[in-house]
Amino acid sequence: MEPGEIFNLFLAPIFLPGKTGFCFAKKSKNDKIRNMYNPQKVERKWQRFWEREGIFRAKDFSKKPKKYILVEFPYPSGEGLHVGHCRPYIALDVVARKRRMEGFNVLFPMGWDAFGLPTENYAIKTGVHPRIATRKNTAFFKRQQKSIGLSFDWTREINTTDPAYYKWTQWIFLQLFKKGLAYKTKMPINWCPGCKIGLANEEVVEGHCERCGKKVERKEKEQWMLKITRYAEKLLKGLDKVDYPERVKTLQRDWIGKSEGNEIKFPITNSQILINVFTTRIDTIFGATYLVLAPENPIIEELKPQVKNLKAVERYIEKAKRKTERERISEVKEKTGVRLGGIKAINPATGKEIPIFVADYVLIHYGTGAIMGVPAHDERDFDFARTYNLPIIEVIKADKEKDLPKRASLVVSGGGSQRVYEGEGVLINSGRFNGMGSAKARERINDFLAKNGMAEKAVYYKLRDWIFSRQRYWGEPIPMIKCEKCSWQPVAEKDLPVKLPNVKEYKPTEKGESPLAKIEYWIKTKCPRCQGEAKRETDVMPNWAGSNWYYLRYCDPQNAQKLADPKKLLYWMPVDWYNGGMEHTTLHLLYSRFIYKFLWDIGIVPKSLGSEPYKKRTSHGIVLGEGGIKMSKSRGNVITPERVIRQYGTDTLRTYEMFMGPFIQAIAWDTKGVRGVKRFLDKVWRLSNQFLRSSKPKSSPNLKKILHQTIKKVSEDIENMKFNTAVSSLMEFSNAWQENKKGLGKTDFKNFLKILSPFVPHVTEELWQKLGYKRSIFFQKWPKYDERLIKEEKITLIVQINGKVRDKIEVESGIFQSEAKKIALKSPKIKKWLGAKKIKKTIFVKDKLINFVV
RNA sequence: GCCCAGGUGGCGUAAUUGGUAAACGCGGCGGCUUGAGGAGCCGUGCCUUUAUAGGCGUGCGGGUUCGAGUCCCGCCCUGGGCACCA
């Protein structure tokens, strides 16, 4: 039994009048009922009411202005939601409720991103069909979400595993294929031996599988790829137009990794072959003393006839290919390579012959897969040059002494010491470019080499194409057919969806193929082009496929003819406010922007909408377990919403989640802190019931002023996601009310309930009804504060001497310096401190302080 | 190594952007109320002191300023991201 349950035993007799089992509860029964409320009863009542009345339904084409508020839809795991998952839902629910009261037609939907590995692994273990498990899990998630009173429009619920939904996920794939943005290719992939699955680069964390933690291997496989790289520039540019947190933009920009530089052609002696090199530092070309090719660079094939030590080179390449990326990285400092014997390149700037190497510190997937080695000005080239005794020529001199590297790598070469200087500066040892600054030299050297066609400006991105195949079962089948004669053919659109067939064995095959590969009847089909015998693709899509476009489907969730009606998209899109996890910044957020831009380009999304799906993006911090440790089943420190609701009720859970700390920050759960919030709500309940018994028409001016200050604070804080201070200001008001219990009038009481209602929807509905109203409080208008009322008439003026606080005096607000000085100098404390000293200077800040400098 | 965020009481944190440091809440201690407390209310940063009063206090060291948690320079630590990207 949990501690909370013991507590409940004590509370039970209080909450259930007439069933008192303990004598101590008997006496003040009525008082207790008035002092506390029964959360279970109140909450269930209003949740049913909302559902029955359908008051959170979003209306297509309503004349009201729209707001589209979106929270990332969850993957319905078997474990259910814990209090950490609830926090972003509650936060955006607060926003959605406020927006409705502000007169907006709000779309606040929910759905299920239900394709994915955990369900499939569960099926492998238990034999339970993923469809069954998904149905069970989503039902559980939905029940949990409903229990916390979230104002979702459940009539728009979607599920990515529903064939009526994934028909369109497949349809999008076909459009990508038709536009040449989906292609199948053999490539070395990140292979997880644990999940038996190929992983996207984004799913590899420090060389290990994001999901199971197993070490990722390299494997050659045929994979469907999406050309997200073609959208690199658009994805980058689009960031300037949207309201995302700066750190999210930075992360995406870094991930896209644009670098501007030059491609330079290095001729090979006695040959027509040119080696194309990419560099951002063409200003260092006079220091390029060798070239390096990535082991996978296809140009090696062309060079082979001239290579004298072919065996050694081939051996090196074989070895390099077997290494995982992780192994390559762990050998950063010990650079290996092999020289191509008998071939030399010519540095087009100096005209000198330089050696060529194959080394795995050069990566095939970036730039041209070949670099020029400039050991004096690149740490890696320096390491390599030292190992192979290559000449090191300094060509850049730092402008200022302070620009020099702090930890310089020193080497004795030709008698003098040299160091790796990676910064910019002034060119030396560079012929006619000597004395020029780096930036200018880059232009000039490019122009100089471009004349002979030996150089041109070039842009490269770190972003790589997106591996879109998974050799698994529980995903959207890729709607492609392979015909021996016609090669890959798309399934006809009229034949969509390609439904996922039932299998008995969910494990991937030993060859690492999808379990679908064993279902003969499903694979066998006809080629859509030649009608000959053909085979279906057995790979499925990754779990990101369904979430790429789900926000569009919410606008028109039941449409059988189209992905979504353009008119509805025009009405609802773009998403006005999208909240989600930081961990999705380079995954879902980037992917979905890409797919949206594609759909916009091909006209599925109306052109008059912008090219960005999300106007504003915010991110939440994760909730840690008690004591600041991550919540996990294995640690046994998971706190479920049910547990908190059973003990304190949903309104307490909601308010505590908002109050516990800054929304964007990671924060630890504190069970004791929850109790404090319950006390606050009990206080509100108590004071409200006293009010209802003897309501006053008018408020005291002071309480009215505090209320209006609270309206201002709460309204602004919700917009800035400063929910914690919004709640604390509501608490402050309740404290002021408590001090002056009879000081609140009806209008202001109603206003208080309204600004409290997004956080505490159930209790405020109950109190609203007790006031005699039949319609929900959420049909009320959000109160506006009165600028004149929030002004303080009297303020505390700080009196300082030499910047130290020496006294505080009550004065009329707006007081002038001369007047304030007069009053301040009368203060006995100030007199004492000043003594005979002379005031040299007086600093006066209106309504704040007066400071005497002596 | 590079990029981002942060470091404030016993704890979670707040501070109108340079102007009363610690609002709000938790916990401990002390008190009040009560037949009782499991409810409610008040006080409580630390040190000297009965109180008054004073001193010290926002990671560390400097600086700017009448005045710095906030600005500048240099460090240290924590969390997150990226990492042979030419």
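Every letter in the first sequence is one number past the one before it in my numbering, and letter 180, counting from 1, is 206. Glycine included, C-beta positions come from ideal geometry on N, C-alpha and C.
Uninterrupted alpha helix (DSSP H) stretches at least 4 residues long and entirely within the segment 255-285 occur at 258-264 and 272-282, given in chain order.
Remark: three or more beta-carbon pairs, one from each stretch, lie closer than 8 Å, so the segment 616-633 and the segment 201-208 are flagged as touching. Rounded to whole angstroms, the Cβ separation of Ile693 and Val649 is 6 Å, and the two are in contact under 8 Å.
Put simply, the backbone Cα of Lys544 is about 14 Å away from that of Val566. Judged by beta-carbon spacing, Trp281 lies within the 8 Å limit of Thr612, meaning their Cβ atoms are closer than that value. The C-beta separation of Glu482 from Asn288 comes to about 7 Å, placing the pair in contact by the 8 Å criterion.
Met251 is bridged by DSSP to Tyr209 and Ile493. Approximately 6 Å separates the beta-carbon atoms of Ile665 and Trp695; this is inside 8 Å, confirming the contact. Secondary structure at Cys112: helix, using DSSP grouped into helix, strand and coil.
Trp194 is the residue among Trp194, Glu559 and Val68 whose C-alpha sits nearest the C-alpha of Glu519. Approximately 13 Å separates the beta-carbon atoms of Leu718 and Lys767; this is outside 8 Å, ruling out the contact.
Taking the Cβ atoms as the reference, Gly647 lies roughly 17 Å from Asn663, outside the contact range of under 8 Å. For Leu416, the closest C-alpha among the options His788, Leu252 and Leu317 is that of Leu317. Under the three-pair Cβ rule at 8 Å, the segment 158-168 counts as touching the segment 95-113. Per DSSP, the beta bridge partners of Met398 are Leu317.
Sequence-distant Cβ neighbours of Leu475 in its own chain, meaning closer than 6 Å and more than five residues away, are Pro374 and Ala481. Under the 8 Å Cβ criterion, the segment 248-262 does not count as touching the segment 450-463, having fewer than three qualifying pairs.
For the segment 113-193, the full-length alpha helix (DSSP H) segments reaching 4 residues or more read 143-152 and 156-173 along the chain.
Using a Cβ distance threshold of 8 Å, Pro583 and Arg157 do not count as a contacting pair. Excluding five sequence positions before and after Glu791, the CB atoms of its chain that fall closer than 7 Å to its own CB belong to Trp72, Ser802 and Ile803, given in chain order. Taking C-alpha positions only, Asn877 is separated from Ala762 by approximately 31 Å. In the structure shown, Phe203 falls within a helical segment according to DSSP collapsed to helix, strand and coil. Between the beta-carbon of Pro784 and that of Gly175 there is about 11 Å, and that puts the pair past the 8 Å contact cut.
Listed in chain order, the alpha helix (DSSP H) runs fully inside the segment 701-757 are 727-745, counting runs of at least 4 residues. In the three-state reduction of the DSSP assignment, Glu105 falls in the coil class, being assigned neither a helical nor a strand state. According to the DSSP assignment, Leu860 belongs to no beta strand (DSSP E) but to the alpha helix (DSSP H) extending over Pro854 to Leu860.
Exclusion of the five residues before and after Gln806 leaves Met127 and Lys780 as the residues of its chain whose Cβ lies within less than 7 Å of its Cβ. Counting only runs of at least 3 residues, the segment 458-525 fully encloses the following beta strand (DSSP E) elements, listed from N- to C-terminal order: 481-487, 506-509 and 513-516.
Rounded to whole angstroms, the gap between the alpha carbons of Asp473 and Asp309 is 12 Å. A distance of 8 Å or more separates the beta carbons of Val384 and Gly395. If only complete runs of 3 or more residues are kept, the segment 619-664 shows the beta strand (DSSP E) at 643-646, in order along the chain. One alpha carbon belongs to Pro271, the other to Leu616, and they sit about 14 Å apart.
Assigned with DSSP and collapsed to three states, Ala424 falls in strand. The three-state secondary structure of Ile841, taken from DSSP, is coil.
Under DSSP, Ile223 forms a beta bridge with Cys218. Per DSSP, the unbroken beta strand (DSSP E) holding Leu300 starts and ends at Leu300 to Thr305.
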